[in-house]
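Peer 1:
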Amino acid sequence: MLNALEVVTTVVVGVMVGVEFSVAFVINPILNALPEDSGQLGHAHGGRMLGAVMPVWYLTSLALVAVWAIAGWHHHGTGLVVTAGALLILSVIMSLLLLVPINNRGKTWTPDNRPADWKEQMNRWDRFHYVRVAVIIAAFTLLVAALA
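Under the numbering used here, the first residue of the sequence shown carries the number 2, and numbering increases by one thereafter.
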């Protein structure tokens, strides 16, 4: 049963990492290359869509890692799992303090109501997101290493 939990957890976290990596290095560059209003509208729609889904995914990933750490407490690799959990907690804290406030503003913007500094705010979100992606990639890597 522990093996199934380990695999499911690693897959769930890995797919989450893939989505966030794609946002950073595929989706946002595509949106940023669109004509100004189209790109901004795409960012707003993405913020609404992913803003609804990703909190559940992050918390589910964290819960699975916690269950793995508890269930496998006396098994090889538990320290890696606990460290991965700490990194996922850090990613949630970063999200709540740094990314969500910008996303909550951005998802309501239209070409008619966006602030003059909207591009700077989106660039700030991107920088924070790059760091968050690095953190969750590190967590994922630790989970994969714990499988060995």
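The beta-carbon is built from N, C-alpha and C at its ideal position, and this holds for glycine as well.
Whether or not the region 134–146 and the region 87–107 are in contact is what I'm after, with contact meaning three or more pairs of Cβ atoms, one per stretch, closer than 8 Å; do they touch?
Peer 2: The answer is yes - the region 134–146 touches the region 87–107, with three or more Cβ pairs under 8 Å.
Peer 1: With DSSP as the reference, label residue 48 as helix, strand or coil.
Peer 2: Mapped onto the sequence shown, residue 48 falls at position 47. Of the three classes helix, strand and coil, the one that applies to residue 48 here is helix, per DSSP.
Peer 1: Kindly list the residues whose CB is nearer than 6 Å to the CB of residue 58, restricted to its own chain and excluding five residues on each side of it in sequence; keep chain order.
Peer 2: Taking the sequence shown and counting its residues from 1, one reaches residue 58 at position 57. 17.
Peer 1: Output yes or no for whether 7 Å exceeds the beta carbon distance between residue 78 and residue 3.
Peer 2: One-based indexing of the sequence shown puts residue 78 at position 77. One-based indexing of the sequence shown puts residue 3 at position 2. No, these two residues do not count as a Cβ contact at 7 Å.
Peer 1: With respect to the alpha helix (DSSP H) encompassing residue 30, which residues constitute its N-terminal and C-terminal limits?
Peer 2: Reading the sequence shown from its first residue, position 29 is the one you call residue 30. Segment 29–34, the alpha helix (DSSP H) holding residue 30.
Peer 1: To which residues of the same chain is residue 63 closer than 8 Å at the C-beta, ignoring the five residues directly before and after it?
Peer 2: Along the sequence shown, read from residue 1 onward, the residue named residue 63 stands at position 62. Around residue 63: 86, 89, 90 and 93.
Peer 1: Using a Cβ-Cβ cutoff of less than 7 Å, which residues in the same chain neighbour residue 55 once the five nearest sequence positions on both sides are dropped?
Peer 2: Translated into the one-based positions of the sequence shown, residue 55 becomes position 54. Cβ neighbours of residue 55 beyond the five flanking positions: none.
Peer 1: The alpha helix (DSSP H) with residue 89 in it runs from where to where?
Peer 2: The residue labelled residue 89 in the question sits at position 88 within the sequence shown. 79–95 is the span of the alpha helix (DSSP H), which, as asked, contains residue 89.
Peer 1: When you compare the CB positions of residue 82 and residue 147, do they come within less than 7 Å of one another, or not?
Peer 2: By one-based count along the sequence shown, residue 82 stands at place 81. By one-based count along the sequence shown, residue 147 stands at place 146. A contact, by the Cβ cut-off of 7 Å.
Peer 1: Tell me the rounded alpha-carbon separation between residue 8 and residue 125.
Peer 2: Counted from its first residue, the sequence shown places residue 8 at position 7. Counted from its first residue, the sequence shown places residue 125 at position 124. Their Cα atoms are separated by approximately 35 Å.
Peer 1: Could you compute how far the alpha carbon of residue 109 sits from the alpha carbon of residue 45?
Peer 2: Here residue 109 is taken as the residue at index 108 of the sequence shown, counted from 1. Here residue 45 is taken as the residue at index 44 of the sequence shown, counted from 1. Taking the straight line joining both Cα atoms gives about 6 Å.
Peer 1: Can you tell me whether residue 69 is helix, strand or coil according to DSSP?
Peer 2: As a position in the sequence shown, residue 69 is number 68, starting the count at 1. Residue 69 falls in the helix class under three-state DSSP.
Peer 1: Any idea if residue 32 is buried or exposed, counting beta-carbon neighbours within 10 angstroms, 16 or more meaning buried?
Peer 2: Position 31 of the sequence shown, counted from the first residue, corresponds to residue 32. It counts as buried.
Peer 1: Can you name the start and end residues of the alpha helix (DSSP H) that residue 108 belongs to?
Peer 2: The residue given as residue 108 occupies position 107 in the sequence shown. Note, residue 108: premise wrong, no alpha helix (DSSP H); not H, not E.
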